[in-house]
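*Asks:*
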């Protein structure tokens with residue numbers, strides 16, 4: 517189990533605190549105290565709503581589990597299933613059209629369509645490829661060449 521440290525009333529994994537304070541924040545103009553105070557404020561503000569949403573998710577999951585159990589061996593009816601999903605609030609009617617406005621976002625993110633890859637973050641090569649997918653991966657470009665010199669001796 518990870519050692520925990522206290523930051524502005526939050527209990528945080530030691531490794532996460534160290535990463536934020538020594539790797540992520542330097543050069544941003546944000547002090548660790550500012551960061552943790554801001555995060556604590558967000559947690560305090562959004563925590564109750566998050567707990568409410570998690571409870572709603574748990575309630576819906578329980579209803580789904582019970583429905584599946586009670587309908588074992590019963591011929592599947594798409595209409596019946598869809599009615600059930602609407603009844604429990606899992607499916608809702610489509611709302612009116614809307615538009616999201618953004619400011620200060622690079623055009624490559626906000627306006628220009630490009631590939632988006634979902635990959636396991638524990639695989640560094642996959643994550644790097646996903647991050648570079650829009651422009652092609654520099655790593656992949658170099659991977660199959662001798663541009664970086666000879667391989668080190670084996671062993």
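Residue numbers (my numbering): 517 to 671.
Even for Gly, the Cβ is constructed at its ideal location relative to N, Cα and C.
For residue 634 and residue 641, I'd like the C-alpha separation in whole angstroms.
*Replies:* Stepping through the chain shown from its first residue, residue 634 is reached at position 118. Stepping through the chain shown from its first residue, residue 641 is reached at position 125. Each residue's alpha carbon lies about 13 Å from the other.
*Asks:* Have a look at 646, 628 and 629 and flag the residue whose alpha-carbon is nearest the alpha-carbon of residue 636.
*Replies:* Walking along the chain shown from the start, residue 636 turns up at place 120. Residue 636 has its Cα closest to that of 646, out of 646, 628 and 629.
*Asks:* Should residue 523 go down as buried or exposed, given a rule of 16 or more other Cβ atoms within 10 Å for buried?
*Replies:* The count along the chain shown starts at 1 and reaches residue 523 at position 7. Classification for residue 523: buried.
*Asks:* Could you give the first and the last residue of the continuous beta strand (DSSP E) run that contains residue 559?
*Replies:* Your numbering for residue 559 matches position 43 in the chain shown. Careful: residue 559 lies outside any beta strand (DSSP E), inside the alpha helix (DSSP H) at 548-586.
*Asks:* What number of angstroms, rounded off, separates the C-alpha of residue 557 from the C-alpha of residue 668?
*Replies:* The residue labelled residue 557 in the question sits at position 41 within the chain shown. The residue labelled residue 668 in the question sits at position 152 within the chain shown. Going from the Cα of residue 557 to the Cα of residue 668 covers about 50 Å.
*Asks:* How many angstroms separate the CA atom of residue 552 from the CA atom of residue 519?
*Replies:* Start at 1 with the first residue of the chain shown, and residue 552 comes out as number 36. Start at 1 with the first residue of the chain shown, and residue 519 comes out as number 3. Taking the straight line from one Cα to the other gives about 18 Å.
*Asks:* For the alpha helix (DSSP H) containing residue 647, name the first residue and the last one.
*Replies:* Within the chain shown, residue 647 is the residue found at index 131, counting from 1. Looking at the DSSP string, the run of the alpha helix (DSSP H) that includes residue 647 is 640-647.
*Asks:* Any chance the region 576-584 sits against the region 598-608, with 3 or more Cβ pairs inside 8 Å?
*Replies:* Taking 8 Å as the limit for Cβ pairs, the verdict is that the region 598-608 does touch the region 576-584.
*Asks:* Taking the alpha carbon of residue 601 as the point to measure from, which residue in 611, 529, 575 and 638 has its own alpha carbon closest?
*Replies:* In the chain shown, residue 601 corresponds to position 85, counting from 1. The option with the nearest alpha carbon to residue 601 is 575.
*Asks:* With a threshold of 8 Å between beta carbons, is residue 619 in contact with chain C?
*Replies:* Although the question refers to chain C, the structure presented lacks it and comprises just one protein chain.
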